[in-house]
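Trainee:
Protein chains in written order, with our numbering: chain V, 1018 to 1358; chain H, 1018 to 1358.
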């Protein structure tokens, strides 16, 4: 594996350095070819770095005066947070010094900054958020967009299908990934105009393995590899997932709280259930990637813990190794050529 | 309680009389004031009726030549299924002989037939599907629309808010029910134009207890009583719920399959888990009501079992007793007067 460098925003998310710094140390241990540039409040970061990491040959810490807060508005942050840890991490991708950046900070600001600084790939109107979901077959399912685009036309959904295919193919080595459109019925006549139009375009493309519409209850059944939808629907579906998992765990807890025997059973089952529950918060568990940019940006969840932030770093490493943006660009060119021709 | 009559489509759903007839017998036993008119294939229905029910004073069976199939298209069914069990049941509500109809048949056809025959209430553009969801606080949460309207303007969402409030108030005796709009963020600036416009109208209404936006993960946390969204989003969110529950049960099953001890634990837990799982398929478990019509129509799920079809009958009984359409009409008039004035 070639050496690679990541730029990390140490300050983003609900916890900042207490979570991001330990995840960084773990990543440095796990990936001997990885160099990390950490941006943020140097004293805070250093506090969480054991002495052996303070002069680590593959770690640099750059002090930033500013932090993007969760309440910052995108336009305002773009203008007034030029010395923030998030901005500096993105800048480093722009200059090519880093292969990717990872942040658990304000999603809206991250998307806007990344789009402004890195720019979208030719043929992409707007970037999209993608995450890996669990499935009945234990194979990952990718879903996009998860909230970057409130409303989408069929061109945008088509672009998502292309990008999702490339990610499934490169990151998870799925050959000819099955692509489905999320809809409220499986029949061709179902859904709104945008979804039906997109289906037509996808059917006509020989380079996308389009498999038709799927409904909400089929998201996790392993019948597809890439699920395409607009960001409004995708975000609500993803967050519904989290809500249901929470409710089911609560039901199970109520059952186990009934008497001493069920309490013991509950105690034994707790770690397994916690694991199952984590998987049901896919964006928290794995991080979500911003696709369609001329650079790699991975968004770790706001309340990501150490494991989740580490998973986001891992995701960034794989995307750099697989050169995801370049592959998306190649595929887009060939798909769009076919579309025009 | 006053006497009431329901018109039931015995043929709808995946199973027909083997499921609908036993549910009818249970309802007749449970509600001594209930009379049921059952429509469908008489020989098939009679086969499932024990002798004492064949001449039951509160049960009539009307033979219908036709059945609406799951593949029937609405327009075609309206034209060519005039002697179907579904149509006859709706007709009986139209003439006033029945207080409500219940069907587990083709949703699209049921909605189209019901709208054409019963007509919408004044002030309602299109009917909406509503169902009761479970919550962390064990209080029901109503959500609409669940798929009757693929896209909605803010007028439609406002009407849903009024109708949902009336149902929560009358069916579940929730005073001043909290109404929320499903969105991809809680802040005022989040979401699309329709959602933001609707928020403005709801805020301005003194007769709706509008509580702002909620996100997908908050659907089940008991923070609201009525969740309003368009039918595309609502349907996908509802079906996502079903998919997640299925996936979580599968995870738990994998855990319990590991060895003999966990298998025994799984065996003990199975009935509780099944119960928790049923609740996660709210439309299957409770049935969904079609609101905004000049009559009551309850849609039982296509693969409803006996319990689920019985629950749908119960829902119809309560709506008749509470005169839900009349109450919606009253509320609409007063809300619209305020809006205009």
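Just so you know, even glycine gets a beta-carbon here, dropped at the ideal spot from N, CA and C.
Do we get a CB-CB distance below 7 Å when we pair residue 1234(V) with the residues of chain H?
Mentor: Numbered from 1 along the first chain, position 217 holds the residue referred to as residue 1234(V). It does; some Cβ of chain H falls within 7 Å.
Trainee: Alpha carbon to alpha carbon, how far is residue 1207(H) from residue 1201(H)?
Mentor: By one-based count along the second chain, residue 1207(H) stands at place 190. By one-based count along the second chain, residue 1201(H) stands at place 184. Cα to Cα, residue 1207(H) sits roughly 7 Å from residue 1201(H).
Trainee: Measure from the C-beta of residue 1261(V) to each C-beta in chain H and report whether the shortest distance is under 7 Å.
Mentor: Working through the first chain from its first residue, we reach residue 1261(V) at position 244. Yes, residue 1261(V) lies at the interface with chain H (some Cβ there is under 7 Å from its Cβ).
Trainee: Could you check if residue 1270(H) is buried or exposed, using at least 16 other CB atoms within 10 Å of its CB as the buried criterion?
Mentor: For this step, residue 1270(H) is matched to residue 253 along the second chain. By the 10 Å Cβ count, residue 1270(H) comes out exposed.
Trainee: Taking a Cβ distance cut-off of 8 Å, strictly less, list which residues of the segment 1136-1170 of chain H are near chain V, in chain order.
Mentor: So the list reads 1151, 1152, 1153, 1164, 1167, 1168, given in the order they occur along the chain.
Trainee: Is it the case that the segment 1139-1157 of chain H contacts the segment 1226-1234 of chain H, given that we only count it when at least three CB pairs across the two stretches are under 8 Å?
Mentor: The segment 1226-1234 of chain H, when compared against the segment 1139-1157 of chain H, does not touch it at the 8 Å Cβ threshold.
Trainee: Would you report the Cα separation of residue 1176(V) and residue 1352(V), rounded to the nearest angstrom?
Mentor: For the purposes of this step, residue 1176(V) is identified with residue 159 of the first chain, where counting begins at 1. For the purposes of this step, residue 1352(V) is identified with residue 335 of the first chain, where counting begins at 1. So the alpha carbons of these two residues sit roughly 10 Å apart.
Trainee: Residue range of the alpha helix (DSSP H) that residue 1129(V) falls in?
Mentor: Counting from 1 along the first chain, the entry for residue 1129(V) is found at position 112. From DSSP, the alpha helix (DSSP H) with residue 1129(V) extends over 1124-1135.
Trainee: Using a Cβ cut-off of 7 Å (strictly closer), state whether residue 1258(V) contacts chain H.
Mentor: The sequence position of residue 1258(V) within the first chain is 241, counting from 1. With 7 Å as the cut-off, residue 1258(V) counts as an interface residue toward chain H.
Trainee: Mind checking which residues open and close the beta strand (DSSP E) that includes residue 1310(H)?
Mentor: For the purposes of this step, residue 1310(H) is taken as residue 293 along the second chain, with counting starting at 1. It is not in any beta strand (DSSP E) - residue 1310(H) carries neither H nor E in the DSSP assignment.
Trainee: When you compare each of 1032(H), 1186(H), 1097(H) to residue 1348(H) by their alpha carbons, which one comes out closest?
Mentor: Numbered from its first residue, the second chain carries residue 1348(H) at position 331. Nearest C-alpha to residue 1348(H): 1186(H).
Trainee: Which value, in whole angstroms, describes the spacing of the CA atoms of residue 1081(H) and residue 1276(H)?
Mentor: Looking up residue 1081(H) in the second chain gives position 64. Looking up residue 1276(H) in the second chain gives position 259. Straight-line Cα distance between these residues: approximately 54 Å.
Trainee: What do you get for residue 1332(H), buried or exposed, if any count of 16 or more other CB atoms within 10 angstroms of its CB means buried?
Mentor: Position 315 of the second chain, counted from the start, is the residue given in the question as residue 1332(H). Buried: at least 16 other Cβ atoms inside 10 Å.
Trainee: For the segment 1189-1208 of chain V, enumerate the residues whose C-beta is nearer than 9 Å to any C-beta of chain H, in chain order.
Mentor: If the cut-off is 9 Å between Cβ atoms, the segment 1189-1208 of chain V has 1199, 1200, 1201, 1202, 1204, 1206, 1207, 1208 near chain H.
Trainee: Kindly say whether residue 1265(H), judged by its beta-carbon, lies nearer than 7 Å to any beta-carbon of chain V.
Mentor: Within the second chain, numbered from 1, the residue matching residue 1265(H) stands at position 248. Yes, its Cβ sits closer than 7 Å to a Cβ of chain V.
Trainee: Identify, in the order they occur along the chain, each residue of the same chain with its Cβ nearer than 6 Å to the Cβ of residue 1052(H), setting aside the five sequence neighbours on each side.
Mentor: The residue given as residue 1052(H) occupies position 35 in the second chain. Excluding residues within five positions, the ones whose Cβ falls inside 6 Å are 1022, 1075.
Trainee: In angstroms with no decimal places, state the Cα-to-Cα distance between residue 1117(H) and residue 1342(H).
Mentor: The residue given as residue 1117(H) occupies position 100 in the second chain. The residue given as residue 1342(H) occupies position 325 in the second chain. Approximately 11 Å between the Cα atoms of the pair.
Trainee: Using alpha carbons as the reference points, say which of 1354(V), 1321(V), 1340(V), 1337(V) lies closest to residue 1029(V).
Mentor: One-based indexing of the first chain puts residue 1029(V) at position 12. Answer by Cα proximity: 1321(V).
Trainee: Tell whether a beta-carbon distance below 7 Å holds between residue 1161(H) and residue 1311(H).
Mentor: As a working note, residue 1161(H) is residue 144 in the second chain. As a working note, residue 1311(H) is residue 294 in the second chain. Contact: no.
Trainee: Buried or exposed for residue 1309(V), please, with buried defined as at least 16 other CB atoms from any protein chain shown within 10 angstroms of its CB.
Mentor: Position 292 of the first chain, counting from 1, holds the residue named residue 1309(V). Buried, by the Cβ-count rule.
Trainee: Can you tell me the Cβ-Cβ gap for residue 1338(H) and residue 1297(H), rounded? I've got them flagged as a contact below 8 Å.
Mentor: Along the second chain, one-based indexing puts residue 1338(H) at 321. Along the second chain, one-based indexing puts residue 1297(H) at 280. At roughly 28 Å, the Cβ-Cβ gap does not stay under 8 Å, so residue 1338(H) and residue 1297(H) are not in contact.
Trainee: How about the segment 1147-1159 of chain V and the segment 1051-1068 of chain V: do they share at least three Cβ pairs that are nearer than 8 Å?
Mentor: Touching, no.
Trainee: Under DSSP, the alpha helix (DSSP H) around residue 1178(H) begins and ends at which residues?
Mentor: Locating residue 1178(H) in the second chain gives position 161, counting from the first residue. Residues 1171-1188.
Trainee: Contact between the segment 1243-1251 of chain V and the segment 1032-1049 of chain H: three or more CB pairs below 8 Å?
Mentor: Result no; under three Cβ-Cβ pairs closer than 8 Å.
Trainee: Buried or exposed: where does residue 1303(H) fall if 16 or more other Cβ atoms within 10 Å of its Cβ makes it buried?
Mentor: Against the second chain, residue 1303(H) aligns to sequence position 286. By the neighbour-count rule (16 or more Cβ atoms within 10 Å), residue 1303(H) is buried.
Trainee: Applying a beta-carbon distance threshold of less than 7 Å, which residues of chain V neighbour residue 1253(H)?
Mentor: One-based indexing of the second chain puts residue 1253(H) at position 236. The answer, in chain order, is 1199, 1201, 1233, 1250, 1254.
Trainee: Can you check which of these residues, 1234(H), 1318(H), 1042(H), 1033(H), is closest to residue 1147(H) by C-alpha distance?
Mentor: The residue you call residue 1147(H) lines up with position 130 of the second chain. Taking only the C-alpha atoms, the option nearest residue 1147(H) is 1318(H).
Trainee: How long is the line joining the alpha carbons of residue 1130(H) and residue 1120(V), rounded to whole angstroms?
Mentor: One-based indexing of the second chain puts residue 1130(H) at position 113. One-based indexing of the first chain puts residue 1120(V) at position 103. Cα to Cα, the separation comes out at about 52 Å.
Trainee: Return the residue from the list 1105(V), 1281(V), 1218(V) that minimises the CA-CA distance to residue 1314(V).
Mentor: Taking the first residue of the first chain as 1, we reach residue 1314(V) at position 297. Among 1105(V), 1281(V), 1218(V), the Cα nearest to that of residue 1314(V) belongs to 1105(V).
Trainee: So the candidates are 1049(V), 1235(V), 1166(V), 1336(V); which of them puts its Cα closest to the Cα of residue 1247(V)?
Mentor: Residue 1247(V) sits at position 230 when you count from the first residue of the first chain. Checked all of 1049(V), 1235(V), 1166(V), 1336(V); the closest Cα to residue 1247(V) is 1166(V).
Trainee: Examine chain H for any beta-carbon lying closer than 7 Å to the beta-carbon of residue 1282(V), and answer yes or no.
Mentor: The residue you call residue 1282(V) lines up with position 265 of the first chain. Yes, because at least one Cβ of chain H sits closer than 7 Å to the Cβ of residue 1282(V).
Trainee: May I have the straight-line CA-CA distance separating residue 1050(V) from residue 1219(V), to the nearest angstrom?
Mentor: For this step, residue 1050(V) is matched to residue 33 along the first chain. For this step, residue 1219(V) is matched to residue 202 along the first chain. Roughly 39 Å between the two C-alpha positions.
Trainee: Kindly list, in the order they appear in chain V, the residues whose Cβ is closer than 9 Å to that of residue 1238(H).
Mentor: Position 221 of the second chain, counting from 1, holds the residue named residue 1238(H). Within 9 Å Cβ-Cβ: 1260, 1263, 1264.
Trainee: Give the secondary structure of residue 1210(H) by DSSP, where H, G and I count as helix, E and B as strand, and everything else as coil.
Mentor: In the second chain, residue 1210(H) corresponds to position 193, counting from 1. Helix, per DSSP.
Trainee: What in chain B is Cβ-close to residue 1087(V), meaning under 7 Å?
Mentor: Although the question refers to chain B, the structure presented lacks it and instead comprises the protein chains V and H.
Trainee: So, are the CB atoms of residue 1174(H) and residue 1244(H) less than 7 Å apart?
Mentor: Position 157 of the second chain holds residue 1174(H). Position 227 of the second chain holds residue 1244(H). Their beta carbons are not under 7 Å apart, which means residue 1174(H) does not touch residue 1244(H) by this criterion.
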